[in-house]
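There are 4 protein chains.
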Amino acid sequence: MAKNAFFFNELLDTIVERGRSLLDFSGPGHAGKLEELSHALLSDRGESSGVAIAQAILQGYRLLDDSGRQQFFRFLAEKFMPDPDLVASAAQAYVETPDTSRLDELTRATEAPRREFFRRLNMAPGGTAQIVAMREDLLRFAKGDKDLEAVDRDLVHLFGAWFNRGFLVLRRIDWATPATILEKIIQYEAVHEIRGWDDLKRRLEPEDRRCFGFFHPSLVDEPLIFVEVALTRDMPHSIQDVLDAEGGEPGKAPTTAVFYSISNCQPGLAGISFGNFLIKQVATDLAREVPSLRTFVTLSPVPGFARWLDAERAAGDDGVLLPAECEALACLDDAEWQFDKEQAEAVQEQLNRLCAHYLMAVKARNDRPRDPVARFHLGNGARLERINWLADISERGMAQAFGFMVNYLYDLKEIEVNHEAYANSGLIAAASAPTKAARTFKKARAVTPEPTH
Amino acid sequence: MAKNAFFFNELLDTIVERGRSLLDFSGPGHAGKLEELSHALLSDRGESSGVAIAQAILQGYRLLDDSGRQQFFRFLAEKFMPDPDLVASAAQAYVETPDTSRLDELTRATEAPRREFFRRLNMAPGGTAQIVAMREDLLRFAKGDKDLEAVDRDLVHLFGAWFNRGFLVLRRIDWATPATILEKIIQYEAVHEIRGWDDLKRRLEPEDRRCFGFFHPSLVDEPLIFVEVALTRDMPHSIQDVLDAEGGEPGKAPTTAVFYSISNCQPGLAGISFGNFLIKQVATDLAREVPSLRTFVTLSPVPGFARWLDAERAAGDDGVLLPAECEALACLDDAEWQFDKEQAEAVQEQLNRLCAHYLMAVKARNDRPRDPVARFHLGNGARLERINWLADISERGMAQAFGFMVNYLYDLKEIEVNHEAYANSGLIAAASAPTKAARTFKKARAVTPEPTH
Amino acid sequence: MAKNAFFFNELLDTIVERGRSLLDFSGPGHAGKLEELSHALLSDRGESSGVAIAQAILQGYRLLDDSGRQQFFRFLAEKFMPDPDLVASAAQAYVETPDTSRLDELTRATEAPRREFFRRLNMAPGGTAQIVAMREDLLRFAKGDKDLEAVDRDLVHLFGAWFNRGFLVLRRIDWATPATILEKIIQYEAVHEIRGWDDLKRRLEPEDRRCFGFFHPSLVDEPLIFVEVALTRDMPHSIQDVLDAEGGEPGKAPTTAVFYSISNCQPGLAGISFGNFLIKQVATDLAREVPSLRTFVTLSPVPGFARWLDAERAAGDDGVLLPAECEALACLDDAEWQFDKEQAEAVQEQLNRLCAHYLMAVKARNDRPRDPVARFHLGNGARLERINWLADISERGMAQAFGFMVNYLYDLKEIEVNHEAYANSGLIAAASAPTKAARTFKKARAVTPEPTH
Amino acid sequence: MAKNAFFFNELLDTIVERGRSLLDFSGPGHAGKLEELSHALLSDRGESSGVAIAQAILQGYRLLDDSGRQQFFRFLAEKFMPDPDLVASAAQAYVETPDTSRLDELTRATEAPRREFFRRLNMAPGGTAQIVAMREDLLRFAKGDKDLEAVDRDLVHLFGAWFNRGFLVLRRIDWATPATILEKIIQYEAVHEIRGWDDLKRRLEPEDRRCFGFFHPSLVDEPLIFVEVALTRDMPHSIQDVLDAEGGEPGKAPTTAVFYSISNCQPGLAGISFGNFLIKQVATDLAREVPSLRTFVTLSPVPGFARWLDAERAAGDDGVLLPAECEALACLDDAEWQFDKEQAEAVQEQLNRLCAHYLMAVKARNDRPRDPVARFHLGNGARLERINWLADISERGMAQAFGFMVNYLYDLKEIEVNHEAYANSGLIAAASAPTKAARTFKKARAVTPEPTH
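Residue numbers (our numbering), protein chains in the order written: chain A, 2 to 454; chain B, 2 to 454; chain C, 2 to 454; chain D, 2 to 454.
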């Protein structure tokens with residue numbers, strides 16, 4: 002302890018004298034120093050010199066390699082977890098006398114000191130961005146590690162408070178936006194790659210394009226999520242049509258807002274959901290800005306369709322496909338089958354039914370659609386409006402969904418009802434065409450003795 | 002439930018159709034509606050239509066009178082508390098098997114649904130400001146009410162995350178600041194009243210005055226706390242000298258930054274501490290902006306001195322004062338005793354010793370100084386530098402402290418050491434003069450058989 | 002010249018070494034130095050070190066007293082006028098051969114070097130504001146002085162280019178405007194005094210008040226002119242009603258924008274006209290912002306009425322008044338005659354006719370209305386809509402116009418026609434009531450043998 | 002006239018009713034309409050409806066093709082020139098009585114109504130940018146056309162007032178600048194092409210690059226001129242080294258600011274000089290921002306060297322070259338001679354002397370250096386510091402200057418003296434090496450009987 006005291010005086014001299022910037026983390030005792038600093042941050046000292054100590058910790062963390070970082074998270078998991086004895090005795094006390102003050106004590110006892118640790122860490126200038134980056138590391142390490150998963154839960158809990166919808170700022174992104182941000186739009190676009198600045202400029206044309214992002218005041222110039230919108234006169238059938246369109250029809254007011262790309266930007270915020278708010282806010286704002294708009298719809302990928310169908314085809318008799326169907330689909334193994342018009346048309350209807358079935362009837366463990374994009378939009382209260390054939394003929398689009406894309410319709414008046422039915426009973430709102438396609442698929446199977454899956 | 006469903010469809014029609022603004026809360030079922038909305042906000046519906054529901058709740062709350070509001074907080078206390086059975090069984094399970102997953106379940110069980118309720122409420126535009134205002138109400142109701150105090154603890158917990166130092170923005174306030182903010186500076190100044198716009202302008206003169214405030218990005222144009230600083234060439238003896246000074250000595254660079262007024266602006270954020278950060282940040286920034294500054298010091302009130310001394314005088318033999326002292330102090334009962342120069346000088350030294358004793362030796366239950374301002378600055382690591390006689394001769398200054406004010410010195414190199422000694426052992430850092438004055442007072446009492454208090 | 006060269010090297014050393022700030026203008030040779038600098042600014046040196054020299058001149062000018070400044074303008078008048086010989090020979094050459102290149106030479110010869118001098122002076126940081134301030138001085142000196150008037154014409158010519166409408170920026174002034182600007186609004190209000198910050202705040206209430214000003218990018222935080230507008234439901238009869246109104250009628254959209262005060266802010270820009278543009282721009286913008294507005298009207302003073310009427314009354318038989326009228330108006334000499342209701346009513350109609358006559362028929366030398374405010378609005382194409390009795394009962398309002406005020410109507414569709422008729426034929430657009438009143442006044446005189454004026 | 006009146010009422014109806022936007026200029030009478038509008042703008046109507054009329058004219062102008070635009074300028078030249086009779090009689094009057102008021106009349110008479118026309122045209126929103134664009138057209142038409150040149154002189158005169166240094170705003174351009182502006186930097190870079198956004202980003206790296214531009218408040222997002230600066234530790238020998246450098250030496254403060262590219266952006270502002278101010282302002286600002294800087298120097302092209310040398314080589318005995326020199330230089334006709342190391346070294350010294358001679362001794366008609374870049378920097382007071390061999394080996398660099406580039410040194414203390422010597426006596430400030438090289442070249446010729454050129 003005496004040593005510690007000396008260490009800290011020395012440290013704080015360093016902090017005060019040398020502009021709070023350069024701490025020597027190069028030596029072998031690096032990890033130990035970080036842990037001492039972390040204890041200090043949580044102690045009384047953290048109250049008076051917290052900003053300096055937090056800065057030092059973040060700086061020290063950045064200098065660590067992956068194994069050092071993993072070790073640091075393990076330290077947080079083990080040393081800054083709730084005190085088991087304290088929890089046990091508070092739990093026992095509550096079981097015996099379940100009153101308000103015992104509950105309060107128990108609540109305090111169960112809150113991991115890590116939470117306060119991260120809150121104090123956030124006092125450092127630029128702290129929020131660095132804690133988000135720390136979680137990006139953590140997510141790599143935590144998979145299947147119960148202790149690190151517990152640390153992650155604490156971060157998720159904090160991020161839930163910090164990145165509350167009420168603190169997010171919606172900003173339009175256009176050609177007058179600083180290049181620092183635009184550069185990130187190019188980099189973060191996760192759905193339909195932006196091929197350089199000219200492509201970006203086209204996607205920001207004020208005439209018939211919009212782009213909006215959520216920002217957090219403490220993450221300067223860093224979008225959290227953004228959406229790209231095309232203003233058109235019809236619900237589009239193909240993403241290539243949207244991306245290659247030259248401009249709106251002059252003199253004709255757009256009627257349809259197409260959300261054709263939504264990208265999350267911060268891997269460290271995985272699991273903190275912004276997309277639902279973003280789409281609804283943007284739809285509301287666009288309806289005001291462009292009064293001619295009547296329809297708000299997505300053009301979305303079906304990321305899991307090919308993987309599922311390939312598995313079914315491989316499963317043979319154990320799968321959902323009839324032998325004749327399997328045979329008919331053999332052509333999918335040809336490279337570029339889609340360019341053989343005759344062949345493509347031969348499988349179109351069958352694939353369409355399969356896609357409808359996949360989207361509406363193939364479920365994950367929690368009885369929600371297995372396709373993550375379907376799960377997202379249907380969970381938001383959107384309606385599965387149309388399944389589009391050869392709608393994304395890029396390599397990626399063919400590989401993940403045999404070219405299929407889906408329009409999900411956001412009808413502000415039905416969102417609530419759809420969401421409720423979905424949330425309570427798992428009911429999926431869908432237009433008649435996809436409903437019928439899925440039903441036809443099902444019926445064809447009904448004659449087989451053992452209905453599968 | 003059927004009724005509820007109908008109610009909500011109707012409500013959401015209202016929300017969607019009528020611009021999410023006008024809900025009829027005028028009828029007798031008002032409280033019931035608010036409670037239903039609150040349940041809805043926490044349900045699945047809250048996920049899809051949360052912004053609209055949160056807006057409706059805040060609007061409904063604003064229309065309530067005090068008794069309605071109190072009733073609403075009681076509702077939150079009773080209906081949105083942790084489920085006792087769940088807590089009890091999770092506690093029992095943990096006591097039996099204290100592993101990570103049981104701990105996780107227990108942690109979840111003890112977190113009151115109120116916290117999530119307030120987090121979702123914050124999604125409404127302007128929500129943060131309104132939740133802060135709600136707590137202002139709550140503080141009036143909660144005193145001594147264990148259930149409401151539990152609600153308040155949840156709000157304090159949330160505010161701790163939301164108003165984290167890392168999210169606060171320091172802004173200089175000067176004559177180029179929008180009038181909306183300046184008006185609030187006049188209104189919120191709690192220590193030395195600002196007598197109109199001319200007085201304000203003097204306090205913002207760039208030559209020898211500074212004013213800084215902390216702002217939160219979600220509380221637009223609303224300072225959380227602000228500090229007024231005078232740049233001088235000496236540590237000042239009197240607040241009237243500071244307030245009446247006409248301007249710096251031309252051509253002489255200031256050496257001393259005097260923090261002569263710190264005002265918290267948001268009663269709803271009581272207990273969320275910003276002052277410590279503000280002073281240190283401002284000192285750091287000023288040191289950079291005005292390199293000639295060497296000394297950072299406050300000129301602070303002693304708000305509890307007169308109350309304490311009056312009580313001691315009233316206590317007679319049970320008090321700390323010797324009979325001769327009591328007698329000598331009788332003159333304090335004269336109105337305007339301070340203007341009788343002879344009389345004033347007769348008690349000066351005695352009062353000075355008493356003030357030193359009060360500040361350094363009179364403690365509250367937690368063994369910290371009873372004087373709240375002393376507690377604040379000493380807890381920050383400042384040093385009690387000088388006690389100033391007739392330093393605030395305003396009515397208020399005389400009434401609360403017989404005119405005494407104190408300079409607390411912020412020496413950046415000593416802050417950490419002072420704070421640590423204070424936090425660990427209750428040691429108070431003080432210059433030799435006040436230390437000696439307090440010791441003299443104590444010695445005089447040492448000869449009496451029974452040391453008091 | 003050698004001496005000069007030395008002087009300039011020394012000067013520029015000073016300029017370069019000492020931060021271009023401190024030149025010693027305290028000695029007796031001050032004026033000489035300024036003149037040397039001025040020559041330097043116009044010379045080749047001005048091209049390479051113009052910014053520094055211009056700064057030095059402006060600084061030197063500021064240190065001069067009035068007589069020094071007057072002397073400096075005389076220097077500009079005499080030394081920086083066009084070269085008479087050059088002009089004469091160029092004039093002669095043109096008379097002989099009036100071709101393009103001779104014209105060009107003549108044009109150059111007649112342009113006073115002063116213009117280039119002021120253009121270069123403007124290179125100094127903050128130069129524009131200081132040149133405007135210099136003209137404020139000049140206007141005091143120039144009256145009746147032909148040479149200084151010539152200098153002033155050059156400044157007017159330059160200001161015409163610099164303060165071109167295309168360079169002015171219209172800004173809304175409201176309670177979120179920096180105090181530096183609001184303070185100037187209080188100070189510059191020339192028509193209806195603003196009695197402190199509370200009064201100002203009332204005049205900026207977003208509900209039913211507006212304030213707009215023109216700014217120039219180089220005059221930071223300095224309005225050139227501003228207008229105060231009340232949004233009402235009727236064309237107002239009284240300025241006191243406007244100033245004292247508590248707020249709009251809740252729930253009723255305003256129909257009328259009342260321009261009740263227009264103030265020029267920069268005496269140094271006298272004669273450079275902004276008001277016409279300001280009113281029309283504000284009317285256009287307000288029509289867009291508040292679609293319920295139908296009527297755009299002023300409530301304007303009649304600054305010359307009392308002076309004119311007093312003169313006519315004094316003129317006796319030589320004046321325009323009939324003896325009976327003179328007698329009836331004798332009551333105007335009573336202090337506070339307006340509070341004697343009976344008396345006031347007795348003269349109301351007569352005064353009304355006189356005011357109409359004054360506004361429409363009493364002309365200045367250029368056959369335009371003698372009243373400057375009438376001249377301004379009628380020249381803008383507005384219509385004299387209504388003359389209001391006891392519309393400004395402030396001391397000033399009574400003193401200058403026996404309480405009369407006038408509504409001038411800006412009907413965007415008629416402005417052009419009105420302006421044209423006024424500009425071409427001096428025709429005044431007026432509503433029927435004032436027209437009739439003026440005609441009645443005239444008729445009464447028609448019976449007298451010699452129509453006056 | 003009656004027809005006109007009708008036309009204008011109709012026009013103004015159009016202007017007022019149809020949002021001041023769409024005038025039908027498609028018919029055959031287009032030119033006539035523009036001319037009528039132009040007359041109207043200068044008339045009384047221009048005062049009341051000037052903004053609308055100016056907008057209409059600018060719109061009409063934009064719809065014209067080149068021949069229409071040329072015709073319009075001819076209209077301005079002929080109809081809006083000074084009235085010859087008026088000028089002649091005013092000239093005559095002045096010759097007879099050269100007093101102030103006659104001078105004033107003559108000055109007015111010689112000012113072309115075009116100036117007032119353009120001033121009023123500038124009232125239209127966005128007018129300034131469009132008038133600048135009009136001059137871009139005019140410059141194409143005016144060459145050798147005396148009348149149009151007279152129109153151009155009037156525009157130059159106005160632009161001199163409008164784009165006065167005092168109205169320009171210096172802005173740093175970096176990666177946080179809006180893309181609208183950055184895009185123009187790429188487009189306008191005239192010296193060393195920017196190859197896309199990555200190249201641009203490198204040129205804006207805060208570590209060792211700077212970019213600054215002058216902007217005018219009325220030309221939003223439009224730089225007038227910009228300069229690119231590299232912060233280095235040595236005066237650079239080669240532009241390729243500057244452009245390809247990866248970054249500053251870490252931990253070493255830069256000592257040298259290299260102005261390696263200056264580009265004018267607005268062809269319509271040709272002849273209005275900004276570069277001189279820009280370099281000096283940027284040097285001053287950089288000296289403050291980066292105190293380690295000691296040297297401010299350019300790396301500049303020698304655009305006329307190859308053209309001059311080729312002409313001399315072609316001139317044979319009539320040229321400045323000795324026969325042996327001519328022969329030695331024959332290798333320059335080889336493509337890519339510079340890659341033959343031996344050959345290149347063989348001509349290096351000779352070319353170096355030729356370049357020094359070209360820069361310092363080859364003059365244009367006005368006895369200033371024939372090389373425009375040399376003229377610019379020497380005229381600013383810079384010193385010819387070093388001639389660099391193979392300093393720009395790009396195709397362009399080889400073609401225009403056989404790869405030579407020049408460092409011009411801006412020594413703030415010498416600028417004034419250099420400028421003065423240059424302005425008064427044509428003396429060129431140069432370091433000893435180039436001086437010696439030029440002298441050696443001259444001496445070699447001194448023995449020839451007839452020194453040329």
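From the three backbone atoms N, C-alpha and C, an ideal C-beta is built for every residue, glycine too.
The Cβ atoms of C/E386 and C/L410 lie closer than 9 Å to each other.
Its Cα nearest to that of C/Q188, the residue C/I226 stands out among C/I226, C/D155, C/F297, C/G161. For D/S102, the enclosing alpha helix (DSSP H) has its first and last residue at 101-111. Taking all protein chains shown into account, B/A307 has 16 or more neighbouring C-beta atoms within 10 Å of its C-beta and is therefore buried. Going by DSSP, D/M124 is part of no alpha helix (DSSP H) at all; its letter is neither H nor E. Under DSSP, D/E346 shares a beta bridge with no residue. Contact of D/P179 with chain A is assigned, a C-beta pair being separated by under 9 Å.
In chain order, G276 place their CB closer than 7 Å to the CB of C/F377, counting only its own chain and leaving out the 5 sequence neighbours on each side. Contact annotation for D/L183 against chain A: A180 [CB-CB distance below 8 Å, chain order].
In the three-state reduction of the DSSP assignment, D/P224 falls in the strand class, which pools E and B. At a cut-off of 9 Å between beta-carbon atoms, A/D222 makes contact with chain D. Among the CB atoms of chain A, none fall inside 9 Å of the CB of B/Q188. Among the residues facing chain B, A/P218 is included, as its CB has a counterpart in that chain under 9 Å away. The closest CA to that of C/N367, considering only C/S426, C/I394, C/V348, is found on C/S426. Taking a cut-off of 8 Å for Cβ pairs, the region 356-370 of chain B and the region 430-438 of chain B touch, as three or more such pairs fall below it. A direct Cα-to-Cα measurement between C/E112 and D/R116 gives close to 14 Å. In terms of beta-carbon proximity, B/K202 lines the interface with chain C, with at least one pair separated by less than 9 Å. With respect to B/T256, B/S293 sits close: the two C-beta atoms are nearer than 9 Å. Beta-bridge partners assigned by DSSP to C/F213: C/R173, C/V228. The alpha helix (DSSP H) runs lying completely inside the region 365-414 of chain A and spanning 4 residues or more are 373-380, 396-402, given in chain order. Bounds of the alpha helix (DSSP H) holding B/S90 are 85-97. For C/V259, the enclosing beta strand (DSSP E) has its first and last residue at 257-265.
Going by beta carbons, C/D335 and C/Q349 fall outside the 9 Å limit.
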